[in-house]
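Residue numbers for the sequence shown follow this note's numbering, beginning at -18 and rising by one.
Note sheet for the following structure.
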Amino acid sequence: MASTGLDAAGAIPLVTGCGRRIVVKCLRLAPEERPISRVTLDVGGHQDGGPGVWASLTVSEARELARLLIERADVAEHAPETGCAEATAV
């Protein structure tokens, strides 16, 4: 897993061990009556040409996803002791 420098939009992508590029950005739409802010997650396609995915999350959803990722990383890190078979649905 590594960062490869800025992408075209100025974000720093994370490149996974299998070559997928993950980019996290802030999207701000500013209509006068109701500004909207979202956190976007762009997971690039697989090296074999498989499709990527994209999500737009509210601030609350992004924080919950971050919490779940940290929680699962802790479980995975200690997998020999606790097991890593259970899944968490969002």
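For glycine and all other residues, C-beta sits at the position ideal for the given N, C-alpha and C.
Within the same chain, show all residues whose beta-carbon is closer than 6 Å to that of residue i, passing over the 5 residues directly before and after it, in chain order.
i       : result
Ala43   : Val20
Gln28   : Gly0
Val80   : No information on residue 80 is available, as it lies outside the stretch -18 to 71 that the chain covers here.
Ala36   : Leu22
Ala(-8) : Val4 and Lys6
Go to residue i, then tell me how far its alpha helix (DSSP H) extends in each direction, as first and last residue.
i     : result
Arg2  : Where Arg2 is concerned, there is no enclosing alpha helix (DSSP H), although the beta strand (DSSP E) it sits in stretches over Arg2 to Leu10.
Ile17 : Run containing Ile17: none in the alpha helix (DSSP H); it sits in the beta strand (DSSP E), Ile17 to Val24.
I need the straight-line Cα distance from residue i to residue j, nearest angstrom please.
i     : j     : result
Glu14 : Ala47 : 30 Å
Leu10 : Gly30 : 32 Å
Glu58 : Pro12 : 44 Å
Do residue i and residue j have their C-beta atoms closer together than 9 Å?
i     : j     : result
Val40 : Ser18 : yes
Gly25 : Ile51 : no
Kindly indicate the opening and closing residues of the beta strand (DSSP E) around residue i.
i     : result
Ala36 : Val34 to Leu38
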